[in-house]
Structure formats: structure tokens, C-alpha cells
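Data first, discussion second: the structure below is written as C-alpha cells.
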Amino acid sequence: MTIDWTAFTPATALAGGALIGLASILLLMFNGRIAGISGVLGGLLEGNPGIGWRLAFVIGLLAAPLAWQLFFALPPIEIEAGYPILIAAGLLVGFGTRLGSGCTSGHGVCGLSRLSPRSLVATLVFMAAGFVTVYVVRHLLAA
1 MTIDWTAFTP
11 ATALAGGALI
21 GLASILLLMF
31 NGRIAGISGV
41 LGGLLEGNPG
51 IGWRLAFVIG
61 LLAAPLAWQL
71 FFALPPIEIE
81 AGYPILIAAG
91 LLVGFGTRLG
101 SGCTSGHGVC
111 GLSRLSPRSL
121 VATLVFMAAG
131 FVTVYVVRHL
141 LAA
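Each residue of the sequence shown is one higher than the one before, counting from 1 in this note's numbering.
Below is the structure:
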């Protein structure tokens, strides 16, 4: 295994993580809501109360790369899967999000910071599932 040291960017990763944490704290403090993307987007699509803040949150997620691009170059996007795999993956993630009562951001960022036992279990499960998936795809199914 080799490490691409040119892609190793701890400063930007740390800054991004700090901004995610800050945004989560601010949403909880000022709105009393958890910043789980599936809940925010699901509530927006279902027409739940609080459409304004939900819409602002989603617009902010979409606008952030555009704002970043004003100052820095965006990394190239490389997707090495076809549409059938991407669609299946999206459906599985959506199903898992509903089954687990939240997504990685809701459980992993917000739930763990609130010391939620349910979020700890959910985070351990989706991390383990990710590890197994990578192992199977890279080592067992590799041609």
C-alpha cells in the first residue's frame, strides 16, 4: 500500500471538521435541532414544520463548494462506478438511514457528541459495514 502524500491535507480536513462541528453546535443551540442531513432533507421533502431553516441548511450544503471555489481549486471528481452501482448504493444508503433512524452525520457527529448510546451503536455498525464492504470489493471481488 502506498500513500499519496500530495493528497494528505490535514489542515483542510481539520478546518472542515471544525466547521461541521461549529455548524452542528449552532443549529442545536439556536434552533434546538440535530444537524443530521437525512432528517433535515427528509423533513424538507415531507413538508415538516421548519421549512425555512431546513431549506437554508440544504442551500448552504450546496453553496459551500461554490464558495470554496472562489478561493481555492476544487479537487477533480472521479467516480469509478457505473450508474447501476451508484443507484443501488444510493438506495441502500437511504434504506439504512431510515432503518437506523439517522445518517452518519446525525449519529457520528451529533449523536456521539451528545454521548448517545444509540448513536454509538449506529456509528460502530456503519463503520464496520464500511470496513467489510471495502475488504470485499478490493480483495474478494477484485479481478
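We treat Cβ as the ideally placed atom computed from N, Cα and C, and that holds for glycine.
Roughly how many angstroms separate the alpha carbons of residue i and residue j, rounded to a whole number?
{"i": "Phe71", "j": "Pro117", "result": "40 Å"}
{"i": "Ser113", "j": "Met127", "result": "17 Å"}
{"i": "Gly52", "j": "Pro76", "result": "32 Å"}
{"i": "Leu44", "j": "Gly102", "result": "15 Å"}
{"i": "Asn31", "j": "Ile25", "result": "10 Å"}
{"i": "Ala81", "j": "Asn48", "result": "34 Å"}
{"i": "Leu115", "j": "Glu78", "result": "36 Å"}
Please name the residue, chosen from the options, that lies closest to residue i on a Cα-to-Cα basis.
{"i": "Ser21", "options": "Phe8, Phe30, Ala35, Asn31", "result": "In the sequence under discussion, the amino acid at residue 21 is Gly, which differs from the Ser named in the question. Selected option, being the one with the closest Cα: Ala35."}
{"i": "Leu124", "options": "Ala89, Val136, Val109", "result": "Val109"}
{"i": "Leu41", "options": "Met29, Ile79, Leu62, Ala89", "result": "Leu62"}
{"i": "Pro55", "options": "Leu86, Ala7, Trp5, Ile37", "result": "First, the residue type needs correcting, since residue 55 is Leu and not Pro in the sequence shown. For Leu55, the nearest C-alpha among the options comes from Ile37."}
{"i": "Thr104", "options": "Leu140, Ala129, Gly50", "result": "Ala129"}
{"i": "Trp68", "options": "Thr2, Gly16, Arg138", "result": "Gly16"}
{"i": "Gly39", "options": "Leu140, Ala142, Gly111", "result": "Gly111"}
Under a Cβ-count criterion, where at least 16 other Cβ atoms within 10 Å of its own Cβ denotes burial, should residue i be classed as buried or exposed?
{"i": "Gly60", "result": "exposed"}
{"i": "Thr6", "result": "exposed"}
{"i": "Ala122", "result": "buried"}
{"i": "Thr133", "result": "exposed"}
{"i": "His107", "result": "buried"}
{"i": "Phe131", "result": "exposed"}
**OP:** Flag this pair as touching only if the segment 97-104 and the segment 5-14 have three or more C-beta atom pairs under 8 Å; answer yes or no.
**Re:** no
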